[in-house]
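So the structure is just underneath, and the comments pick up after that.
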Amino acid sequence: MASRQTYSLEEIKDRLLAQLDSVVSHYAPPVAGSHTQHGIYWTLNPGRPDRNVGSFCIHVSGSKAGRWNDYATGSHGDVLDLIDLALHGEGSSNLSGAIKEARAWLGLDTESPELRRKREQRAAEAARARALADAAAEQKRERRQRLAQGIWLSGHEALRGTPVDHYLRAERGIDLASLGRQPGALRYVPQARYQYIDDKTGEVTEGTYPMMAAAITDLQGRFVAVHRTYLAREDGRWIKAPVPKPRLVLGHAWQCGINIWRGADTGPRGGRAPSLPACAPGTHVYITEGIEDALSVVMLLPDVRVVAAISLSNMGAIRLPENVARVTLVADRDPHPEQKEQLRRAIEAHCKAGREVRLWQNRYGGKDLNDALRQAADKAPPKETADEE
């Protein structure tokens, strides 16, 4: 019997990636509805009672090979974490147990010198292929980021009287004029190309529509992506465009957000309120899922700082400066267990970061804060407004 060999964590991962198809089939086996598209394998999460294919996926090729995500719970990891997930379940990590399992599955404790040499060669070839894929993916990411920033910069800074203004005011009950200034992250693009490809059917939807563009920035305040809300005019009203997904993101938005509002007009010394990366110690931030809810917070509490996280899964993942001591999560009232679990994880993530966490959910009818805002507006006495073209 061969003596036990020593392998680094990266060597074990390299060997797993060199046999990724077999690893995935063993630890996340296919079920009815499982499918692979664009290098991404969709199946059930092996670490929880997952009933439907559609939220858990594993990258099986390209620069992200071995990476997996569960968009229902917000969990994610690499190929070794996948084994850990399958063995110990969601939220019950045991990395040493996963390493032991990986060694056994790979046969590392019993392989001959010749077999070890062949496996090392395959792992090295796979590593070189991933390095090339990583370089290509980085170039693609940079191109998409430049394109996203170009779209946002092409938009009009002034929103007053634009379709964006009409949509927010008439459809969402958000009157930017009442705030005295508008969010700098938002712009209006008169003509924007729309393209959406259905993952399941391959059907392509294309068109040109006006758009509300929002800048998505990272922890340092750098532009990383653009959030796009496509609009259309119907019966004299500006509404979301009648397309499969009127809201799309271009660029890398994970752990980033839309800085909708800085809060009070002035900082502690009378100047403009600082940006989020430069916020003062003890800062309190309101975090919403979407832009409309973020603007609803601003309408009700114009002195607070507000960030839109874009999605529920990103509410807990969003990276914030150390000076942020308190967060209020403004979440949808969603009864589905998966959404409840995502919200629980978001709360847990901010608590682990040492922040005081508060939660607001709509108890006044409807699903979210914007629903509550509009219902309150409907009950208020009517105001005289100028006719809109």
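Under full-length UniProt numbering, the residue at position 34 of the sequence shown is numbered 34, and the numbers go up by one with no gaps. For every residue, glycine included, the Cβ atom is placed at its ideal position computed from N, Cα and C.
Going by beta carbons, L132 and V164 fall outside the 8 Å limit. Unbroken beta strand (DSSP E) stretches of 3 residues or longer found wholly inside the region 10-55: 35-37 and 40-43, given in chain order. DSSP places L250 inside the beta strand (DSSP E), whose first and last residues are R247 to G251. In the three-state reduction of the DSSP assignment, N323 falls in the coil class.
Between the C-alpha atoms of L85 and Y41 there is a straight-line separation of about 16 Å. Counting of Cβ neighbours within 10 angstroms places Q342 among the buried residues, the total reaching 16 or more. If you ignore the 5 residues before and after V31, its C-beta comes within less than 8 Å of the C-beta of T43, L44 and V53, all in its own chain and listed in chain order. When DSSP reads this structure, V357 sits in a beta bridge with V327.
In this model, S55 and T229 are separated by some 23 Å (Cα to Cα). A distance below 6 Å between beta-carbons, with the five flanking residues on each side excluded, links W238 to the following residues of its chain, in chain order: P163, H166, Y167 and L231. The C-beta of D21 has fewer than 16 other C-beta atoms within 10 Å across all chains shown, which makes the residue exposed. Just measuring C-alpha positions, the residue of S93, V327 and R333 sitting nearest A349 is V327.
Going by DSSP, R333 is part of no alpha helix (DSSP H) at all; its letter is neither H nor E.
In this structure, I287 sits away from G251, with a CB-CB distance that is not shorter than 8 Å. If you draw a straight line from the Cα of P302 to the Cα of G180, it comes to about 10 Å. Leaving aside the five residues that flank Y27 on each side, the residues in its chain whose CB is nearer than 7 Å to its CB run, in chain order, P46, L82, I83 and A86. R333 is positioned such that its CB atom lies closer than 8 Å to that of Q361. Every unbroken stretch of the beta strand (DSSP E) spanning 3 or more residues and falling wholly within the UniProt domain "DUF7146" (143-258) is given here in chain order: 186-197, 204-217, 223-234, 237-240 and 247-251. For V298, the closest alpha carbon among the candidates S92, A177 and H88 is that of A177.
With a 10 Å radius around the Cβ and a threshold of 16 neighbouring Cβ atoms, N94 comes out exposed. Ranked by how close their Cα comes to the Cα of H284, the residues V24, E142 and R358 have R358 in first place. Listed as beta-bridge partners of A308 by DSSP are I258 and T288. The DSSP-derived three-state label of G97 is helix.
Y364 counts as exposed, since fewer than 16 other beta carbons sit within 10 angstroms of its beta carbon. Counting other Cβ atoms within 10 Å of its Cβ, C351 stays below 16 and is therefore classed as exposed.
For K240, the CB contacts under 6 Å within the same chain, skipping 5 residues up- and downstream, are P246 in chain order.
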